[in-house]
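Novice: This is the structure, below, for whatever I ask next.
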Amino acid sequence: MVTKVGKTAFAIGTMTQVVLPNTIKELGDYCFYSCDQLTSVNLPEGITSIGHDAFHGTFNLHSVTLPSTLKTAGEWTFRDSGIEYIYNLENTQLTELPVQFAGMNVGLKEVKLPQTLRKIGAYSLMQSRYTEITIPAGVEQIDAYALMQVFTLKKVVMERATPPLGCGEIDGAPDLKIYVPIDATQPYEAASQWSNYPGKYYEQVPVGPSGYTSYYLENENFKVPAGCTAYIITGITPSGSIMTPDQAQVKAFGAGKIIPKQTGFILQGAANSTVVYQANVTGTEESVTGNLLIGTATEQEFNAAGYKYYIFSNNGDEGLGFYKQGTRNGASIKLAAHRAGLRLAEAIAPAKGFTIDFDAARKEAETTGIRDVRPTVQSRENVIYDLQGRRVMNPGRGIYIVNGKKVVRE
C-alpha cells in the first residue's frame with residue numbers, strides 16, 4: 001500500500017493531471033516541483049503533510065483542492081505556481097502558513113484561512129490579487145512581508161481583539177479598510193507596526209429589523225457614520241394629563257458627531273444592516289451631560305437601590321421601546337456586552353409609562369442644530385390615535401400618533 005509520494009518523485013514532469021490514491025498520507029519535498037503542465041490538482045482526504053517546494057514552479061497550476069486532514073505544509077509549498085484558487089484551505093487543520101506558502105502568485109484571487117491557524121509566515125501570501133482576507137482570532141503572529149504588495153487588497157478582517165505580533169507589512173489598495181472587533185481600534189492603533197495604518201480601522205455593529213440598537217464603547221469614542229443617528233435620554237417631562245404618558249427628553253447626534261467613550265446610547269441605522277463606523281477618532285466630542293443611559297463592555301447586571309431599570313428592545317408586548325426586563329419589575333437589568341439600558345431615579349420613573357420621540361429629536365438636529373428636545377407641558381389635552389387612525393382615550397403600551405407624531409408609549 002502506497003502511503004507517501006517520495007522526494008522529487010515527479011519533479012520537472014510533463015503530466016497534465018494527477019490522480020492520487022486515497023491511501024496517500026504524505027507528499028515529499030519537491031514531489032511535483034516545476035511540473036509546469038499541471039493545471040489543477042485535487043488532493044485526496046487522508047493527506048496530513050505536504051513537503052517543502054512540493055508544487056513550487058508549477059506555473060500553470062490554476063487551482064488546488066486541499067484535504068481537510070492536512071496538518072502541516074513545508075516552506076515554498078505553492079510559491080510562484082500561477083495558482084488562482086486554493087480550495088478548502090479554510091477547512092484544513094493547519095496551524096502555520098510556512099514561509100512563502102503561496103507567495104508570488106500574482107493571479108491568486110481568493111484566500112480563506114482555517115480557524116486552527118496560529119502563525120502566518122514571512123512572504124506567505126505576498127504579491128497576489130485577492131481583495132479581502134480574514135485573519136482568524138487564533139492567529140498570534142504575522143511575520144514580515146506576509147501581506148506585502150497585494151495592491152488589490154481592500155478589506156482585512158481581524159477577528160482577534162488584541163493585535164497579533166507583527167502585521168505582515170500590509171500594502172493594500174488606497175481605500176483599504178481594516179475591520180477589528182468592537183472596542184479594539186485603540187489597541188491596534190497603539191500597537192507596534194499596526195500603528196502604521198491610522199484612519200484605516202473600522203468596527204461593525206448589527207442593526208436588527210427595527211432599525212435601532214442600544215450601544216456602548218468602554219475604551220473608545222464613537223463617530224456617528226453617514227446615514228445614522230445616535231440618541232441619548234436626558235430626562236422625563238411630565239405630560240400634565242392623566243390621560244397622556246410622560247415624554248422622554250431625547251438628544252440626537254447626526255452623522256459626523258463624536259460620542260465620548262463610556263456613553264450608553266441608541267443607534268439608528270438602516271433596518272437589518274451592519275453599521276460600519278470608526279472609533280478612537282480625533283476631534284471635538286459632544287456633551288452627554290445628564291445622560292440616563294448606562295452601558296457595559298461585558299455582560300453585567302445593574303441593581304442599585306433607588307432606581308428603576310429598563311432594557312431597549314423590539315421584543316416587548318408593544319414593539320420597540322424600553323421595558324422592564326422579565327420578572328425583575330424594574331429593580332434590575334442584565335445587559336449584554338456593549339449594550340445600553342435606561343436607569344431612572346425612582347422619583348422620576350413614571351408609573352404609567354412614557355413616550356420616546358426619536359423622529360422629533362432627529363429632525364431638530366437635522367434642521368436647526370438644536371439637538372435637545374424638551375417638550376413642554378401643554379395646556380390642552382393631547383389627541384391620541386392608534387396606527388389605524390382610531391382615537392384612543394386610554395392608551396396602553398404601544399406605538400401611537402400623538403399630535404401628528406409617532407411615539408412609543410411604555
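Residues 1 to 410 in UniProt numbering are what the sequence shown lists, from first letter to last. Note that beta-carbon positions come from the ideal geometry of N, C-alpha and C, so glycine has one too.
(1) Please report the Cβ distance between glycine 256 and valine 224, rounded to the nearest whole angstrom; I am assuming they are in contact, meaning their Cβ atoms lie under 8 Å.
(2) For asparagine 221, count neighbouring Cβ atoms within 10 angstroms of its own Cβ and tell me buried if that reaches 16, exposed if not.
(3) For cysteine 45, count neighbouring Cβ atoms within 10 angstroms of its own Cβ and tell me buried if that reaches 16, exposed if not.
(4) Would you give the residue range spanned by the alpha helix (DSSP H) that threonine 234 belongs to?
(5) Comparing alpha-carbon positions, which option in Gln249, Ala230 and Cys228 lies nearest proline 238?
(6) Is it right to say asparagine 105 is buried, meaning 16 or more other beta carbons lie within 10 angstroms of its own, or is it exposed?
(7) Distance, Cα to Cα, leucine 94 vs lysine 25?
(8) Give the straight-line distance between the Cα atoms of residue 425 and leucine 292, rounded to the nearest whole angstrom.
(9) According to DSSP, is arginine 118 helix, strand or coil?
(10) Taking all protein chains shown into account, do 16 or more other C-beta atoms lie within 10 angstroms of the C-beta of proline 206, making it buried, or fewer, making it exposed?
(11) Indicate the three-state DSSP secondary structure (helix, strand or coil) for aspartate 246 in the structure shown.
(12) Tell me the DSSP secondary structure of threonine 376 in three-state form.
(13) When the Cα atoms are used, what is the spatial distance from alanine 11 to lysine 119?
(14) State the Cα-Cα distance for the pair tyrosine 179 and methionine 158, rounded to the nearest angstrom.
(15) Looking at the secondary structure, which residues open and close the alpha helix (DSSP H) in which threonine 213 lies?
(16) For arginine 362, which of helix, strand or coil comes out of DSSP?
(17) Go through its chain and collect everything with a Cβ distance to glycine 283's Cβ below 7 Å, but skip five positions before and after it.
(18) Note down, in chain order, each residue of its chain lying with its Cβ closer than 7 Å to the Cβ of alanine 191, except the 5 sequence neighbours on either side.
(19) With distances taken from CA atoms, which of Gln149, Gln115, Phe322 and Ala349 is nearest glycine 306?
(20) Do you know offhand how far isoleucine 311's Cα is from lysine 324's?
(21) Who pairs with asparagine 42 in a beta bridge, going by DSSP?
(22) Closest to leucine 335 by CA distance: which of Asn280, Gly295, Trp194 and Thr134 is it?
(23) Can you list, in chain order, the residues of its chain with a C-beta nearer than 6 Å to that of leucine 20? Leave out the 5 residues immediately preceding and following it.
(24) Valine 377: buried (16+ other C-beta within 10 angstroms of its C-beta) or exposed?
(25) Taking the beta carbon of isoleucine 1 as the centre, do at least 16 other beta carbons fall within 10 Å, making it buried, or is it exposed?
Specialist: Short version:
(1) Sure, about 6 Å apart at Cβ, within 8 Å.
(2) Its Cβ being crowded by 16 or more others within 10 Å, asparagine 221 is buried.
(3) Looking at the sequence itself, residue 45 is glutamate, so the reference to cysteine does not match. Under this definition glutamate 45 is an exposed residue.
(4) Premise fails: threonine 234 lies in the beta strand (DSSP E), 229-237, not in any alpha helix (DSSP H).
(5) Sorting Gln249, Ala230 and Cys228 by C-alpha distance to the C-alpha of proline 238 places Gln249 at the top.
(6) Flag for asparagine 105 reads buried.
(7) Near 15 Å, if we compare the C-alpha coordinates of lysine 25 and leucine 94.
(8) Outside the shown range of the chain, which is 1 to 410, sits residue 425, and nothing can be said about it.
(9) In the three-state scheme derived from DSSP, where H, G and I count as helix and E and B as strand, arginine 118 is classed as coil.
(10) Its Cβ having fewer than 16 others within 10 Å, proline 206 is exposed.
(11) Aspartate 246 falls in the strand class under three-state DSSP.
(12) Residue placement at threonine 376 is poorly supported in this model, since its pLDDT is 37, which falls under 50; the coordinates still yield a value, given next. Coil at threonine 376, not helix or strand.
(13) About 29 Å.
(14) Near 6 Å, if we compare the C-alpha coordinates of methionine 158 and tyrosine 179.
(15) Note, threonine 213: premise wrong, no alpha helix (DSSP H); beta strand (DSSP E) at 212-215.
(16) DSSP places arginine 362 in helix when its eight states are reduced to three.
(17) Within the same chain, glycine 283 has close Cβ partners Ile258.
(18) Closer than 7 Å at Cβ, skipping near neighbours: Pro163.
(19) Nearest C-alpha to glycine 306: Ala349.
(20) Taking C-alpha positions only, isoleucine 311 is separated from lysine 324 by approximately 6 Å.
(21) According to DSSP, asparagine 42 bridges with Thr65.
(22) Nearest C-alpha to leucine 335: Gly295.
(23) Excluding positions up to five away in sequence, the list reads Pro44.
(24) Because valine 377 sits at a pLDDT of 37, beneath the cut-off of 50, its placement in the model cannot be relied upon, and the point is left open.
(25) Here the sequence assigns methionine to residue 1, which means isoleucine is not the residue at that position. Classification for methionine 1: exposed.
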